[in-house]
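*Asks:*
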């Protein structure tokens with residue numbers, strides 16, 4: 004089975020959910036049965052197509068909870084896929100924050116700037132308070148470390164699976180007292196757990212998707228029947244989509 008981010012209409016279930024659009028973490032298929040607690044009703048007015056970003060927005064929210072940015076912080080985000088762009092977009096709303104989105108792929112400039120973000124393929128400043136790394140490449144992680152000022156911290160949001168990521172812990176790592184902190188959506192920051200559960204976090208993510216400019220992140224679409232070919236093209240680099248929507 005493919006994927007896991009679904010927006011669907013409830014055809015049978017409790018009256019308050021029937022015929023309503025919901026978000027659900029479930030593999031792609033035309034019909035499925037899940038517990039009531041597995042679905043999240045869409046806020047009024049949220050387009051279903053944009054709502055497929057809910058899992059990515061939830062990850063972005065969790066990453067910023069872990070980063071704990073403050074007013075006026077200097078923040079960089081390395082890796083402008085969907086998650087990285089969402090993190091940068093959220094961070095750019097912090098008053099006084101200086102936020103830069105970074106990716107070696109020049110094609111990421113258009114969606115970044117459409118979201119109102121400053122974008123570059125090469126950042127030389129080394130005074131950042133926080134660098135959020137979401138490129139999935141060890142080179143990006145080492146670049147993140149080189150960009151930090153005194154007591155700066157990297158929030159590592161990449162997933163390496165069983166791979167290894169060599170990290171350069173020489174140079175200024177110790178003298179600047181730098182920190183690398185992992186962030187993974189499966190766990191909520193302890194500072195938030197007392198007030199926010201998993202359903203609260205998803206409800207927040209869905210509410211944040213009300214911004215129309217986020218439509219730029221869903222930039223391709225295919226029919227479900229074409230999914231095997233579409234996945235092959237994505238895996239072999241024939242397509243450079245951000246979020247690729249599958250239509251049923």
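Residue numbers (my numbering): 4 to 251. C-beta atoms are modelled at their ideal positions from N, C-alpha and C, and glycine is treated no differently.
1) Just the C-alpha distance for residue 247 and residue 54, rounded to the nearest angstrom, thanks.
2) Considering only residues of the same chain and omitting the five flanking positions on each side of residue 75, which have a CB-CB separation below 6 Å?
3) For the alpha helix (DSSP H) containing residue 145, list its first residue and its last residue.
4) Cβ of residue 257 within 8 Å of Cβ of residue 210?
5) Beta carbon of residue 158, beta carbon of residue 191: below 8 Å?
6) Whole angstroms are fine: how far does the CA of residue 160 sit from the CA of residue 206?
7) Which residues in the same chain have their Cβ closer than 7 Å to the Cβ of residue 138, if we skip the five residues on either side of it in sequence?
8) Would you call residue 19 buried or exposed, if buried means 16 or more other Cβ atoms sit within 10 Å of its Cβ?
9) Taking DSSP's pairing of strands, which residues face residue 134 in a bridge?
10) Please return the same chain residues whose Cβ sits closer than 6 Å to the Cβ of residue 26, not counting the five positions on each side in sequence.
11) With a cut-off of 8 Å, do at least 3 Cβ pairs link the stretch 215 to 233 to the stretch 104 to 112?
12) When the Cα atoms are used, what is the spatial distance from residue 243 to residue 149?
13) Just how far apart, CA to CA, sit residue 93 and residue 63?
14) Quick one: using the 10 Å Cβ neighbour count with 16 as the cut-off for buried, is residue 70 buried or exposed?
15) With DSSP as the reference, label residue 45 as helix, strand or coil.
16) On the DSSP bridge assignment, give the partners of residue 102 in chain order.
*Replies:* With the structure as the only source:
1) Here residue 247 corresponds to residue number 244 of the chain shown, with the count starting at 1. Here residue 54 corresponds to residue number 51 of the chain shown, with the count starting at 1. Their Cα atoms are separated by approximately 13 Å.
2) Mapped onto the chain shown, residue 75 falls at position 72. Cβ within range, chain order: 99.
3) As a first step, residue 145 is located in the chain shown; it is residue number 142 there, counting from the start. Looking at the DSSP string, the run of the alpha helix (DSSP H) that includes residue 145 is 141 to 149.
4) With the chain covering 4 to 251 only, the question about residue 257 has no answer from this structure.
5) Here residue 158 refers to the residue found at position 155 of the chain shown. Here residue 191 refers to the residue found at position 188 of the chain shown. Not closer than 8 Å, so no.
6) As a first step, residue 206 must be located in the chain shown, where it is residue number 203. As a first step, residue 160 must be located in the chain shown, where it is residue number 157. Near 21 Å, if we compare the C-alpha coordinates of residue 160 and residue 206.
7) Along the chain shown, one-based indexing puts residue 138 at 135. Non-local C-beta neighbours of residue 138 in its own chain, meaning closer than 7 Å and more than five positions away in sequence, comprise 81, 82, 161, ordered along the chain.
8) Locating residue 19 in the chain shown gives position 16, where the first residue counts as 1. With fewer than 16 Cβ atoms within 10 Å of its Cβ, residue 19 is classed as exposed.
9) Indexing the chain shown from 1 puts residue 134 at position 131. The partner list for residue 134 (beta bridge, DSSP) reads 79, 157.
10) The residue labelled residue 26 in the question sits at position 23 within the chain shown. If we look at residue 26 and ignore the five residues flanking it on each side, its Cβ neighbours are 10, 43, 54, 57.
11) no
12) Here the question's residue 243 lines up with position 240 in the chain shown. Here the question's residue 149 lines up with position 146 in the chain shown. Straight-line Cα distance between these residues: approximately 28 Å.
13) By one-based count along the chain shown, residue 93 stands at place 90. By one-based count along the chain shown, residue 63 stands at place 60. Rounded to the nearest angstrom, the two C-alpha atoms are 8 Å apart.
14) Numbered from its first residue, the chain shown carries residue 70 at position 67. Buried: at least 16 other Cβ atoms inside 10 Å.
15) Counting from one through the chain shown, the residue named residue 45 turns up at place 42. It is coil, neither helix nor strand.
16) For the purposes of this step, residue 102 is taken as the residue at position 99 of the chain shown. Residue 102 has 78 as its beta-bridge partners, per DSSP.
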